[in-house]
Each structure stands twice: as structure tokens, then as C-alpha cells.
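2 protein chains.
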Amino acid sequence: MSAHDIGRQASRRRGPAEEARTLVSSVTVAALATAGEDGAPWCSIVVYGPTRDGNPVLLVQTDSEHGRNLLRDPRASLAINEPGAPGDPLDRPRITLAGSVTRPQGQNYEDALDAHCVAVPAARLYAGWEDQLLCVLEVQQVRWVAGLAATDALSRDEYRGAEPDPTAPVAAKATAQLNRDHPEGLLAVAREFAGARGAVSAYCTGIDRYGIDLSCTGAGQSAPARALFDDPLAGAADVRPATLELVRRAKALGG
Amino acid sequence: MSAHDIGRQASRRRGPAEEARTLVSSVTVAALATAGEDGAPWCSIVVYGPTRDGNPVLLVQTDSEHGRNLLRDPRASLAINEPGAPGDPLDRPRITLAGSVTRPQGQNYEDALDAHCVAVPAARLYAGWEDQLLCVLEVQQVRWVAGLAATDALSRDEYRGAEPDPTAPVAAKATAQLNRDHPEGLLAVAREFAGARGAVSAYCTGIDRYGIDLSCTGAGQSAPARALFDDPLAGAADVRPATLELVRRAKALGG
């Protein structure tokens, strides 16, 4: 691989729309903003599952504040963040989705219920009750905040067209496994595939469908580096074989 | 202690307003609902610190969506939940606060900034910048949800008048310590002070300023029980001595 190839490939990572869709698919708890009778905003905690288009499906009680609000005014907004993530909450990824809720019918109802039940399996038991309102937030506006001073407005089509990273559910565990089991392999990957020829140690800081992020040390410094998979991974099951293959090839090259 | 005393005392635990104030004081990340120019709700993630009255102090950028919204329409609502808590998110405590934001002046500004900076120490560095808006949500309406089908509307005065439980910040750690170091002491507490005479084991499930919650087993069953401190604890530093004293007295009685 030439230096040119490294530079070109290393820029391949999830874009804002992919990050947004991945976050929305990784979380099931959100805050919902609705408008009260007098127009005053009301914020409440809800649980959702996203449709294939990334539209969150909610199941709300019709006699709750937000249920009554939505029946009167379908405009709504959801805020989603990664609650468990460490560090400064203002420097963590988060997203606002805004639009209007619709009440799906027929097959659309079944599909929406399936999407919601991925997040809340028990909802299948009570979704049909009279006081339950299944509704889909048809996303029109997206504000993606990657961290401090890093924010993007996404168009509806950018958001819809992107795909959640299928490796996200297993990335944290696979990262920990790599660091525990393959410290020398990661150093070889850093030297052979991430351009960090002078590294004396390498630590994996993250995995996504396109590659792995490393923090390399050498000459008393530390610096980030990135190595890419040959092709984007199609699913969570590919993470372990793909990372092990990267390690194997790097070690073979490093001799 | 008579059975009557046990029954009377065991009912002493945090009420909804105290629970609400404790949750608001334990968390610093919230979702904020504001009204857009056309009245459409907008939800975003913010960081806050509460005043002594439990009014959340926010520091928002004036050029953010919610900053522009609040400058136009001060009505706002915050939703707060305990993000790290395990279990079904719909069965976890959460709260909605609603009211209007005000911009404090003079000494009120300094007090509000102090309250915010407990949550975000770095805010002191940039709170004075021109694009930063320090504002206080003057709470008018409170919806407290303890879990599934357990919800309370609190009056403004009930909310303001309650005190956050000062033991909350250390309760989880103290609970773990008790279970690790004093399994026999907890069994004595269950038998002597919690009315569970036939218990063969006891596990501490929570500590608050009024007492400790236990899960007791015996005769192939498990059941909750509760033992109270003589007086409500005044601070976090009292938790360890008070629980150890309870254990000591129970063991002495149990012989």
C-alpha cells in the first residue's frame, strides 16, 4: 500500500448521517418534546424503536401529557444521546429529530409495531389496548451534534439514505478483546497498515465497519492512527474475523 | 421496639417530592423542550445544575436552536432520568419540570452560575461570553414518574419545599460495602429491626437518609424488608457510621 493509498483510505469513516443513524439504532430511550394546549413545550422520557428509514416508533398512553399533546398537535421532536458514554456530556454525540407523528394503518402498523418491539419486546402485549397510541415520528429535520462545537444539520434525505453501522452493537466488546489478546498484533497493524512505522505500542480505541482506530505511542508522543478493512463489514458477525485477519496479515508483513 | 413501632416506622421513606428533588440533584444531563418560531417543539440535550429551590440553571448558546427559541419564548420543560440505572427504562424514576426561564441579574446571577458550575465546573470560564445565556427554569409544574403506572403531579410548593436526600451520592457504594463486609450483620438487622424474624439471609438493596432496604430469604421465599435509622441522616458522611451502628446493635441483640 502506498502512502497515497493510506491517506485516501484512512479518511474513510462514518459520515455524520451514518453516525446519526447509528446512534438512533444503538439507543432505545429518548426525550420527547410535544406542545401543550397553550403551546407550552412539554418534555418527557419515552422508549422507541426506529423503522428502516430511521423514523422512531413510539407507543404512548393517550391519557399521558404527551399522549394528549400528540393527539391535539402531531408536531414532535426527539433528543437522543448515549447515556452510558463516559466523559464530558457536552462532548458526546447526540441528536435532535423533529417532524410530525403519524398513526400507521394496516401493514404499516404491523411494521411499525415490529420496529418498536425490537426496543420493547413486551409492548406486543399491550400495544393493542385502547389507551395505547402507536405512532411514527416522520423525521423532517435533523440536528447532529458530534461533540463540542461540532454540529451538522442533516437533510431528511441524507438521514433516511444513510445506514446504521451494523457493527456498532459489538464494537466495544471487540475493541476490549483486541487490546487484551493482541497487543503485538495491534502494533503490527499500526506499523504496516496505519502508517505509524515508528510506533512502539498501539492501543485500539474503536472499531467501525470501515476500520479500526488506534492510539499509537513512540518517541515519547502519542498520536491517533487508523487502519481500514479491505471492504466495509456487512454485519456484526464480521468484526471478529476481519480484525483477526488484519492482525494476521500485519504480523506476516512485519516478519 | 413493638410490632406497631416497626409498622409505623417502616413506612418512613422518601416521599414523591423528596424523590423528585433527589433525582434532580443526582443528575446533570437533561433534555430540554422549547418552542420553535412556528410553535413546533424542539428537543435537545443540555447540562444543568439545580438552585436550592430545585430550579435547573442552564447555560445555552444564543445561536443554538434552543437558545434562539428561549430568547423568543421563555416557556420550557426539562425531562430528567437516571441514565445509568439498570432494568426496564419505563420502570425507572424520571421527572418532567415545566415553567419559564428567567435571566437572573446581580447576586442572583452569581448564585445561579454557582449552581450551574457544580454540574459543569468549566462553565465558569465561558459563562460571561456574549453568546452564552445563563437562565433559570422557574419550575411551575412537576410530573414525577416513579415507574410503571406510578406517577404523581407535584405542586410547585411541594417540589420547592422538599429537600434532596443528602445521602444519595454515596448510597450505592455504601450498599455494596455493607453486602460485602457485613452479611451476618445484615441478617441480624433483618431479624431484629426489620421484623423478618425467620430470615436466613439478608441483602441490602438500598440506603437512604431514613433507613435501609433489605431483601430477605427464608422458607424458600424472598421478601423485602426495611430497617430505619433512629433519626434521618443529615449528610453523606453519616451513612457509614449509621449503618455500622445499626449492624452493631442488631448483632448485640441477636446474641
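Residue numbers (the working numbering), protein chains in the order written: chain A, 1 to 255; chain B, 1001 to 1255.
Idealized CB from N, CA, C, for every residue including glycine.
Does DSSP put residue i in a helix, a strand or coil?
i	result
A/Lys-251	helix
A/Gly-15	coil
B/Leu-1148	coil
A/Gly-39	coil
B/Pro-1232	coil
B/Asn-1055	coil
B/Arg-1094	strand
A/Glu-110	helix
A/Thr-243	helix
B/Glu-1163	coil
A/Arg-68	helix
A/Asp-5	Low confidence applies here, because A/Asp-5 scores a pLDDT of 49, under 50, leaving its location unreliable; read the following figure in that light. In this structure, A/Asp-5 counts as helix in the three-state DSSP scheme.
A/Thr-205	strand
B/Val-1200	coil
A/Gly-195	coil
B/Gln-1177	helix
B/Asp-1238	helix
B/Val-1120	coil
In chain B, which residues lie less than 7 Å from residue i when you measure between Cβ atoms?
i	result
A/Trp-144	Result: empty, since nearest Cβ-Cβ is about 12 Å, beyond 7 Å.
Find the residues of chain A that neighbour residue i, judging by a C-beta separation of less than 7 Å, and give them in chain order.
i	result
B/Cys-1117	In chain order: nothing, as chain A lies at least about 14 Å away.
B/Ser-1077	Pro-41, Trp-42 and Cys-43
Give the interface partners of residue i over in chain A, defined as CB-CB distance under 8 Å, in chain order.
i	result
B/Val-1047	Pro-89 and Leu-90
Quick one, are the C-beta atoms of residue i and residue j less than 8 Å apart?
i	j	result
B/Leu-1137	B/Ala-1127	no
B/Ala-1076	A/Pro-89	no
A/Leu-97	A/Val-46	no
B/Glu-1192	B/Arg-1021	no
B/Leu-1154	B/Ala-1017	yes
B/Arg-1094	B/Asn-1081	yes
B/Ala-1112	B/Ala-1079	no
B/Asp-1073	B/Ala-1035	yes
B/Ile-1207	B/Thr-1167	yes
B/Arg-1197	B/Gly-1054	no
A/Gly-185	A/Ala-199	no
B/Ala-1227	B/Val-1170	no
B/Ala-1026	B/Pro-1050	As written in the sequence, residue 1026 of chain B is Ser, which differs from the Ala given in the question. No, the Cβ-Cβ distance between B/Ser-1026 and B/Pro-1050 is not below 8 Å.
A/Asn-179	A/Cys-204	yes
B/Gly-1099	B/Gln-1061	no
B/Leu-1233	B/Arg-1209	yes
B/Asp-1131	B/Asp-1063	yes
List the DSSP bridge partners of residue i.
i	result
B/Val-1029	B/Val-1047
A/Tyr-126	Answer is none; A/Tyr-126 lacks a bridge partner.
A/Gln-221	A/Gly-218
B/Ala-1153	B/Arg-1143
B/Gly-1084	BP columns for B/Gly-1084 are empty, so no partner.
B/Asp-1073	BP columns for B/Asp-1073 are empty, so no partner.
A/Glu-138	A/Ser-100
B/Ala-1079	B/Ala-1031 and B/Thr-1096
A/Asp-213	A/Gly-206 and A/Arg-226
B/Gln-1061	B/Gln-1132
Which residues of chain A have a Cβ atom closer than 9 Å to the Cβ of residue i, listed in chain order?
i	result
B/Pro-1121	In chain order: nothing, as chain A lies at least about 10 Å away.
B/Asn-1081	Val-29, Ala-31, Ile-45 and Pro-83
Less than 8 Å between CB atoms is the rule here; does residue i satisfy it with respect to chain C?
i	result
B/Ala-1190	Protein chains A and B are contained in the structure displayed, whereas chain C is not.
Consider the C-beta atom of residue i and the heavy atoms of the ligand FAD; say whether any pair is separated by less than 7 Å.
i	result
A/Asp-165	Absence of the ligand FAD from the depicted structure is noted, as is the absence of any ligand whatsoever, leaving it without description.
Below 9 Å between beta carbons is the criterion; list the residues of the segment 15-39 of chain A that meet it against any residue of chain B, in chain order. Those residues of the segment 15-39 of chain A that come within reach of chain B (Cβ to Cβ, closer than 9 Å) are Thr-28, Val-29, Ala-30, Ala-31, Leu-32, Ala-33, Thr-34, Ala-35, Gly-36, Asp-38 and Gly-39.
What are the residues of the segment 53-71 of chain A that lie near chain B, defined by any Cβ-Cβ distance shorter than 7 Å? Of all residues in the segment 53-71 of chain A, those with a C-beta nearer than 7 Å to a C-beta of chain B are Glu-65, reading in chain order.
Interface residues of the segment 1092-1111 of chain B facing chain A [CB-CB below 7 Å]: Interface annotation for the segment 1092-1111 of chain B against chain A: Arg-1094, Thr-1096 and Ala-1098, criterion Cβ-Cβ distance under 7 Å.
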